[in-house]
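If you read the sequences in order, they're chains V and W.
Letter 234 of the first sequence, counting from 1, is numbered 234 in the UniProt record's numbering, and no numbers are missing.
Letter 340 of the second sequence, counting from 1, is numbered 340 in the UniProt record's numbering, and no numbers are missing.
Only one structure is covered here, and it is reproduced in the block below.
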Amino acid sequence: MTTTALPRGRRRVGFPPPVVFVLVLVPFLIEAVGVFWPAIQGISLSFLRWNGIAPAESAGVQNYIDLASDPVFGTALRNTVIWIVLFGGISFLAGLGVALLFQSERRGVGIYRTALFLPIVFSLVVTSLIWSAFFQPSGVLNTALEGFGLGDLTRVWLGDSDTALYAVIVAALWREIGYVMVLFIAGLKGIDPAIMEAARVDGATAWQRFRHITFPQLRSVNLVVLSVLVIDSLRSFDIVWAMTRGGPYHSTELLSTYMFSTAFESRSLGYASAIAVVIFVLALAVIISYLVRALSEEKES
Amino acid sequence: MTYRPHRRIAALGAVMATAALMAGCVSTGGAAPADTSGEDTAGNLILQSRFTDAEKGGIEELVENFNALGEGTVELNSIPTSTYNSQLPTYLTGSNPPDVYTWYAGQATRDYADQGLLLDVSDVWDGMGDFPDALRTLSQTDDGTEVFVPTGYYWWGVYYFKSEFEKLGVTPPTTWDEFLAVCDQIQAQGVNPITMGLSDNAWLASAWFDYLDLRINGGDFHLALLNGDESYDSPEVREVFKAFAQTLPYIDPAVLGTTQNQAMSDFAQGKSAMYLLGAWAQPSVPEDQRDDLAFFQFPIIDPDVPIVEEAPTDGFMASAKTTKSTLAKSFLEYVASPEAQAALVKGQQGTALAANPEAEQNLDALAQQGKDMLESASQVTQFYNRDAGDAQQGPADAALTQFIADPEAVDSILAQWQSAAEKVRSAE
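Following this line, the structure appears as structure tokens:
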């Protein structure tokens, strides 16, 4: 056998072939124009006072100072936290729950899986139409409550500031749970049945099998699901916009809807950019803190 | 030899990067109006239109008729209203904007004219004949330059069904006390007196605010308030909210969660008896019920306050950067002509009145009533967002819907409305 490697001294350390530059540069430029540049511009816009028509004026950090004392921003921030916790948390738990329920191949299980996955097929606008009709003052929910003799519980679900946000979260969950279920089922299928069998033979209860085998084995899927959920929570906009437009009187406002209405309805592009920067920082903080935790856990194991 | 191509690629990359970055730039500076004198460039005149499907017929016919004259070709771009409204600043500030636009008269147009974005059309006005002075004022900038050509306007009224009122044994009220008595009588018979679809069209609540303020404090105060010269936190506005509070027991308690479609269907089915709406509402009433539909003038509250009515005016404006100013002006001249306006309002299903007094119109009973009502008014205003500027609509929606839900909190609501309105103004 002869070695085909070139002698050390003769290896060329120079430029890679030109085509490599093109292959790297072109996507980088597209990314720079489509993603990085607007993001940087957004940050610089947040220091301006600009309505999109008149020349922009420098505002320093005034937009951020105003944000701190803006009650609507406070509501939007609080609602966004509620949204992450409830929408994210329930999607995770319910998605995992139904995945465990429907993981094994039994007769008819496909129907249940399909039924749960179906909502994701509908466009969000259709989803919001269905749920708006459901929550209408004379809609299915109120009619059903009255039918069961629970007339006292009927409400204007989407028009009452106490219930509107939760009503929208229900609609969002209806759509998300099937998606999370599919991710978890994929993860569950990846677990070696032999381990489970061994545990069963050793007399482990169902809870013990879940606690010590299934859940730890799902670690990599959990990472994906949690990232998806955090990202989906922070970018939630369409369902709220289509169902309540952030109303009544800002009670269902999320940071994203407030940013949109500030930018395109109130025409305060600088102020809206400041809100966008807050969303960006929030997303970054959540993702980095999670990654740090996940990496340190990995190191330990 | 080996590094030459690299250098070329690097240069190419740099050029591409610069070009791309420039293209990605959002210009935050005000652009000076381009020089619009001289010959028109070749190509079609682009007309951006925000008309809904129900109204589209009129404008399509208008464009066809103009193109048949052979003076040039107009190309119609129809865009959904909500997209259009949010995109308009982008169109106008772009480097190569569309030429002509459908839009609203008054402050809504002045906001753009103040930035030098609109074409001066005073020479079009010179040849336009006898338009009412009020329409001319609505089409002018603060320094008296015309930048807008009105095509039509419409009325607002409290709509009801004649047969329904007969069944309930009530007649259209003319004064506030009569109005409240009628509401009482309707409610006693188990019918909901007033409805609104606020869950997706919160701005409809502004109609109540506008009319109550016009009837209690008059047109001058109302416009001063919307301009920012008066405060929402003033005793005058508190009076408005006192009257508004009197109507709350008669407004469907579900309005905040009711869509415009649902409210309209409740109204058509006789579940709700009255609906304060603009003339555009007529086509959404089922066809077989349209003859039964009627409206009455918003009741008079203080007989000493001169009567002011809302008459939102629609029309056209042109970009200052158009490269076809001659063709744009000749199109606008055509738009102002009696024939063109007659065709346009005909296509809008009789819910608009032509701005040109010479335009021939077959007015149905409702349109005639609307026209008489507006002509007998001492002053006309447009609508909240058109008089105050679009950006003020958000704070108004929040204040009015919150008041409907929680009338006890009126003090904090008005204080918040005032500060929100100030903030929007300071951003402008």
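Cβ atoms here follow ideal geometry from the backbone N, Cα and C, with glycine treated the same way.
Just so we're clear, the structure is a prediction, and the values are computed from it rather than from any experiment.
Straight across, the Cα-Cα distance linking Gly169 of chain W with Ala68 of chain V is about 56 angstroms. Shown here, Phe316 of chain W sits in a strand according to DSSP, grouped into three states. Scanning its chain for C-beta atoms nearer than 8 angstroms, with the 5 sequence neighbours on each side dropped, one finds around Ala342 of chain W the residues Ala354, Ala359, Glu360, Gln361, in chain order. Apart from sequence neighbours up to five positions away, the residues of its chain that approach Thr154 of chain V with a beta-carbon distance below 7 angstroms are Asn142, Leu145, Glu146, ordered along the chain. Contacts between Gly394 of chain W and chain V, judged by CB atoms closer than 7 angstroms, involve Ser261, Glu265, Ser266 in chain order.
Beta-bridge partners assigned by DSSP to Arg49 of chain V: V:Glu57. CA-to-CA, the gap between Val240 of chain W and Tyr334 of chain W works out to about 43 angstroms. For the pair Leu256 of chain W and Ser206 of chain W, the CB atoms are not nearer than the 9 angstroms cut-off. In the displayed model, Ile194 of chain W falls within a strand according to three-state DSSP. In this structure, Ala76 of chain V and Glu297 of chain V do not form a Cβ contact; the two beta carbons are roughly 33 angstroms apart against a cut-off of 8 angstroms.
Rounded to whole angstroms, Thr41 of chain W and Ala113 of chain W show a C-alpha spacing of 23 angstroms.
In this structure, DSSP gives Ala254 of chain W a state outside helix and strand, which the three-state scheme calls coil. Residues Ser233 of the same chain have their beta carbon placed closer than 6 angstroms to that of Ile84 of chain V, with the five preceding and five following residues left out of the count.
Around the CB of Leu291 of chain V, fewer than 16 other CB atoms lie within 10 Å, so the residue is classed as exposed.
In the displayed model, Gln379 of chain W falls within a strand according to three-state DSSP.
Of the other Cβ atoms in all chains shown, fewer than 16 fall within 10 Å of the Cβ of Leu23 of chain V; this residue is therefore exposed. With distances taken between CA atoms, Ser78 of chain W lies nearest to W:Arg50 out of W:Leu45, W:Arg50, W:Val149. DSSP places Ile216 of chain W in the helix class (H, G or I) of the three-state scheme.
Asp390 of chain W places its beta carbon less than 9 angstroms from that of Asp111 of chain W.
Assigned with DSSP and collapsed to three states, Tyr275 of chain W falls in strand.
Looking at the DSSP output, Glu75 of chain W bridges to W:Ile46. Within the segment 236-252 of chain V, those residues whose Cβ lies closer than 8 angstroms to any Cβ of chain W are, in chain order, Thr244, Arg245, Gly247, Pro248, Tyr249, His250. Counting only residues of its own chain and dropping the five nearest sequence neighbours on each side, Ser163 of chain W has a CB closer than 8 angstroms to the CB of Asp292. Under the three-pair Cβ rule at 8 angstroms, the segment 314-334 of chain W counts as touching the segment 148-166 of chain W. Not a single C-beta of chain V is nearer than 9 angstroms to the C-beta of Lys162 of chain W. Proximity of Ile53 of chain V to chain W, defined by a Cβ-Cβ separation below 9 angstroms, is satisfied.
Following the DSSP letters along the chain, one finds Val308 of chain W inside the beta strand (DSSP E) bounded by residues 308-310. The beta carbon of Gln416 of chain W sits closer than 9 angstroms to some beta carbon of chain V. For Val278 of chain V, no Cβ of chain W is located within less than 9 angstroms of the residue's own Cβ.
For the segment 179-243 of chain V, the continuous alpha helix (DSSP H) assignments of 4+ residues that do not extend past its boundaries occur at 193-201, 206-209, 219-235, 238-243, in sequence order. Under the three-state reduction of DSSP output, Gln189 of chain W falls in the coil class, being neither helix nor strand. Leu353 of chain W is bridged by DSSP to W:Tyr153. Contact with chain V is absent for Ala273 of chain W, since none of that chain's Cβ atoms lies less than 9 angstroms from the residue's Cβ. Between Val410 of chain W and chain V, the shortest Cβ-Cβ separation is not below 9 angstroms. Our two residues, Asp397 of chain W and Ala409 of chain W, have alpha carbons roughly 15 angstroms apart in a direct line. For the options W:Glu178, W:Asn44, W:Thr195, the alpha carbon positioned closest to that of Gln297 of chain W is the one of W:Glu178.
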